[in-house]
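Taking mature numbering (1 follows the signal peptide of the UniProt record, and there is no 0), I'd label the letters of the sequence shown as residues -21 to -1, 1 to 894.
Below: the structure, in structure tokens.
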Amino acid sequence: MGASFATHVLFLLWFFSVTFTSSFFKANSNATCNEKDKQALLSLKRGLTDPLNRLSSWSDQEDCCRWDRVRCDNKTGRVTELDLSHTRSSGEISSSLLELEFLNYLDLRWNNFNCTTIPSFLGSMGSLRHLGLNSANFSGVIPHQLGNLSGLLYLNLGGNSDLYADNLRWMSNFSSIQYLDLSFANLHKEVDWLQIISKFPSLLKLYLADCQLDSLNPSLGFVNFTSLQVLYLPNNHFNHEIPNWFSNMSTSLLVLDLRNCSLKGEIPHGILNFQKLKSLLLNSNLLTGKIPESLGRVKHLINLDLRFNSLSGPIPSSIGNLSYLGDLFLYDNQLNGTIPKSLALLSNLKALLVGYNFLTGIVDEGHFTKLSKLKYLDMSFTSLFFNVNSNWVPPFQLEYAWMSSCKIGPNFPTWLQTQKSLKILEMFQTGISDKAPSWLWNWTSSIEIIDLSSNRIEGDVSGIVLNSTILNLRSNHFKGRMPQLSTKVKVLNIANNSIYGSISTFLCQQRNERNKLEILDASNNLLSGELSHCWKYWPSLIRLNFGSNSISGRIPYSMSSLVALQSLHLQNNSIIGEIPSSLKICSNLRLIDIGDNHLSDIIPLWIGDMTNLLILRLRSNRFKGHIPLQICHISSLRVLDLANNSLSGTIPKCLKNISAMAIREPNIRDNSFNSLRYMYDSGSYIENLKLVPKGNELEYEKNLAFVKIIDLSSNNLSGSIPVEISILSELRFLNLSRNHLMGNIPEKIGSMKELESIDLSQNHLSGKIPPSLSNLTFLSYLDLSYNNFSGKIPSGTQLQSFDALSYIGNPQLCGDPLPKSCTIEEEYLNKSPIGKKEDDYKSSSFYIGMGVGFTTSFCVVCGTLFFNRTYRHAYFRFADYIKDWIYVTTMLKMNWLLKKVKGCHLSKCNTSLSS
């Protein structure tokens, strides 16, 4: 609302500026133009381009005081004012301007000087009092020479986003400046900006939006803004509390704008001492605490914007004292309590936005007694109960009503019928459980956006004509045949109702005018019949959802006429045949969901030409043949669901080429999935999809952007799991269960760090579970059951956190969490392949080294004996000596041992005789 109001104001200002500038600056004097000034202006014109021909009157034959956009002194004929704003001029600003000695007003705003620097010679034009260079596409450093213009009253350099200042000390001569705008210039390098600017004694208006300032110097006790009326500092990065020196500022302050400045802490009471303050804009900060009760003292306040903070506590009752208040924005905080009755006293209130808070209690007629000017009402996402009499006639005429997710029902609000100016009505999930009144559809014909979804509204929509641009009637109890649509309708969401009848009857309605429908969602209804060939009547369709109906027949070739189509949902019907090749003409398709039908034949090879495709869901059909390699050409694919078909062959190794599953996107807000989000004023249409990521079917909507899944389960796939699949490091869900896969789990599966779910159950996989699997810290679902895995389950918190059912049906598997303990042999055999390779490498190194050493030593010794006779004879003599020594020593030892044994034997014999 605020943005819309501001846009209208800016447009009016621009209109009057452009319309009357020409006439305003035509001289009405009889003084003759100074020849020197004329030649200076003609020289300036030669350097500029004039695409709008605004300077056509500038001719050497004409008196320059009668030229458009030029004003002269009535007596002297010297040029005093020059306004070239809004001429779309570009080119070079000639230094001939220096010849205009008496020029005191120069306006070059809203032109395009192609990122050139601000001419430094402007600082030598000592007569200037007004210099406007804003939004003229200047860049570079702000020239210090501008500081020589000591008599300047007005300086506007705002809106030149590539300007910057290395310091602001050159401004110290601005003793007379009243208006200063440096918005969008980078002032980050000047840390003392506040001390410098606060010394301007005559400054009335200061605009420093988006200047990359990072401090308001909270340590300062006093800032000498004695005359300041406007302080405009939004979109900076202060990241501290609101300074106390604000309490000592001029009481003449009218506008304080500190939006989106990362301000913290509570709203200081001193900031509310500005008795003349009209606009207090503190939205989009990090403010906490309560809204001060002293707010009621700022009695001239017109605009109060505290949105998007973390303010708590109740709305102060003193707010009823603000009799001039027109805009009250408290949206998206943590406010609690009830709406104060004093709100009813705000007779000038036009906008009341209190949604997205923790407000409770009843809102009744008494809260709106004097709010006859109210146009914008937002109570959405609160616990407020809008409880008014059925015959209540509000004093206001709303234009925008946002009342979703608060309690309005069970009866349909009859007071809405009195609102003749509504443009947007949002009342989804409000507890309405009632029959739609007879006046509803005629009444809504002038409303642009209607959202009544997620209620229990009943009614037959057969034969009614819908005229709103955007209609969301999803998840109600509407019945009957599909309604008729005027050519004005762009979005119709009538999903999750009880709409029945032939879909062809709806599609083949002929119209005299071009149909503008872009989104049609009639999923989860009772529609029947075959898809017709009437698509030529719907050329603007970009989203089509007929899922979960009773549609039969084939997908018609004529659907190729929907060249703008981006998403196609035909899932959960009774469609037969094949995917028509004509569909490849719809090259803008990003989502194809035709799962849960009776489609047959092979997956077409041309699917690889759909390079914009993000989601391909063909599950639960009768597709056969191999997975086409061409599917790997779709590098943007995020969801590949081919489960529950009759596909055979191997898993393509080229799946590694699907870069969307391998490369992290820098920012989820900028990811390619956002192309599937249809935005409109105050809302959006979001795609939804049913997937089976963790063994159970789940419906994804807002979180679909985070899903990256490959599901090839319940097919006849064979061969091994390709090791290349581990390259898909951004994959979150992998399901290859119920196939005929063999071999090992890829060793590097642990590099797929984002995996949350792995299902490889009911295959013929064997070998050991790779230890790297325990590195998957996000893994919350694992099913390896009914395979031929062996050895010990690798140790680690991750794999032991799953129950035994995840591993059941693998007889040779042991260790926690299975009841079967591992033997020592199994423990040994279960050494990690990496560790085993390291041990084998060490053992191999040892034996290789020993062999090399032995061979080398043997060759050295033998070589010496072979080539040197002296060494050879000495060696054999030494060998003979050693042989003789061993023989003699051995014989002596044997004789001694025999004598010892013989003596022992004789001793035992004598002992036995004497006994």
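Heads up, the beta-carbon is just placed ideally off N, CA and C, and yes, glycines get one too.
Item checked: Straight-line Cα distance separating residue 363 from residue 390 -> 16 Å
Next item on the list: Under the assumption that residue 242 contacts residue 266 (Cβ atoms under 8 Å), give the Cβ distance between them as a whole number of angstroms.
Entry: 6 Å
Item checked: For residue 286 and residue 382, the rounded distance between their alpha carbons -> 17 Å
Note to self: Can you look up residue 483 in the DSSP assignment and give me helix, strand or coil?
What the structure shows: helix
Margin query: Counting only beta-carbon separations shorter than 9 Å, does residue 194 have a partner in chain C?
Written below: No chain C appears in this structure, which consists of one protein chain only.
Note to self: Taking the beta carbon of residue 798 as the centre, do at least 16 other beta carbons fall within 10 Å, making it buried, or is it exposed?
What the structure shows: exposed
Notebook entry, point to check: With 16 other CB atoms within 10 Å as the buried threshold, where does residue 397 fall?
Noted result: exposed
Notebook entry, point to check: From this set, 191, 749, 193, which residue's C-alpha is nearest residue 771's C-alpha?
Noted result: 749
Check: residue 60: buried (16+ other C-beta within 10 angstroms of its C-beta) or exposed?
Finding: buried
Notebook entry, point to check: Buried or exposed: residue 14, going by 16 or more other Cβ atoms within 10 Å of its Cβ?
Noted result: exposed
Next item on the list: Compute the Euclidean distance between the alpha carbons of residue 751 and residue 763, then round it to the nearest angstrom.
Entry: 15 Å
Check: Is it buried or exposed for residue 502, if we count other Cβ within 10 angstroms and need 16 for buried?
Finding: buried
Next item on the list: Can you say whether residue 644 is buried or exposed, counting buried as having 16 or more other CB atoms within 10 angstroms of its CB?
Entry: exposed
Next item on the list: Report yes if the CB atom of residue 315 is closer than 9 Å to the CB atom of residue 284, and no otherwise.
Entry: no
Notebook entry, point to check: Which same chain residues, not among the five before or five after residue 74, have their C-beta less than 8 Å away from its C-beta?
Noted result: 98, 100
Notebook entry, point to check: Roughly how far, in whole angstroms, is the beta-carbon of residue 449 from the beta-carbon of residue 659, given that I think they are within contact range, below 8 Å?
Noted result: 6 Å
Margin query: So, for residue 520: in the same chain, excluding its five sequence neighbours on each side, which residues have a beta-carbon less than 7 Å away from its beta-carbon?
Written below: 496, 497, 499, 541, 543, 544
Notebook entry, point to check: Hey, how far is the Cα of residue 52 from the Cα of residue 169?
Noted result: 40 Å
Note to self: Tell me the DSSP secondary structure of residue 685 in three-state form.
What the structure shows: helix
Checklist line | residue 657, buried or exposed, once every other Cβ within 10 Å from all chains shown has been counted against 16 | finding: buried
Check: What is the DSSP secondary structure of residue 103, counted as helix, strand or coil?
Finding: helix
Margin query: Suppose the cutoff is 8 Å on Cβ atoms and the five residues either side in sequence are ignored; what does the same chain contact list for residue 238 look like?
Written below: 213, 214, 260, 261, 262, 263, 264, 284
Notebook entry, point to check: Cβ atoms of residue 686 and residue 622: under 9 Å apart, would you say?
Noted result: no
Next item on the list: Measure the Cβ-Cβ separation of residue 63 and residue 79 and say whether it is below 9 Å.
Entry: no
Notebook entry, point to check: Would you call residue 822 buried or exposed, if buried means 16 or more other Cβ atoms sit within 10 Å of its Cβ?
Noted result: Only weak support exists for where residue 822 lies, its pLDDT of 44 falling under 50; the value from the coordinates is given anyway. Exposed, because fewer than 16 other Cβ atoms sit within 10 Å of the Cβ of residue 822.
Next item on the list: Below 6 Å CB to CB, which residues in the same chain sit around residue 826 once its five sequence neighbours on both sides are set aside?
Entry: The predicted position of residue 826 is uncertain, since its pLDDT is 47 and thus under 50; no value can be drawn from it.
Next item on the list: Consult DSSP for residue 59 and reduce its assignment to one of helix, strand or coil.
Entry: strand
Next item on the list: Let me know the secondary structure DSSP gives residue 677 once reduced to three states.
Entry: strand
Margin query: Checking the sheet assignment: what are the DSSP bridge partners for residue 771?
Written below: 793
Notebook entry, point to check: Secondary structure at residue 123, three-state DSSP: helix, strand or coil?
Noted result: helix
Checklist line | Proximal residues to residue 401 (C-beta, below 7 Å), its chain only, five neighbours per side dropped | finding: 377, 378, 380, 426
Margin query: Could you compute how far the alpha carbon of residue 556 sits from the alpha carbon of residue 611?
Written below: 24 Å
Check: Just checking my contact of residue 206 with residue 235 at CB under 8 Å: how many whole Å lie between their CB atoms?
Finding: Residue 206 to residue 235, Cβ: 15 Å. No contact.
Notebook entry, point to check: The alpha helix (DSSP H) spanning residue 18 covers which residue range?
Noted result: 14 to 25
Note to self: Let me check understanding here. Comparing Cα to Cα, which of 147, 144, 294, 161 lies closest to residue 133?
What the structure shows: 161
Next item on the list: Would you kindly work out how many angstroms separate the C-alpha atoms of residue 375 and residue 349, rounded to a whole number?
Entry: 9 Å
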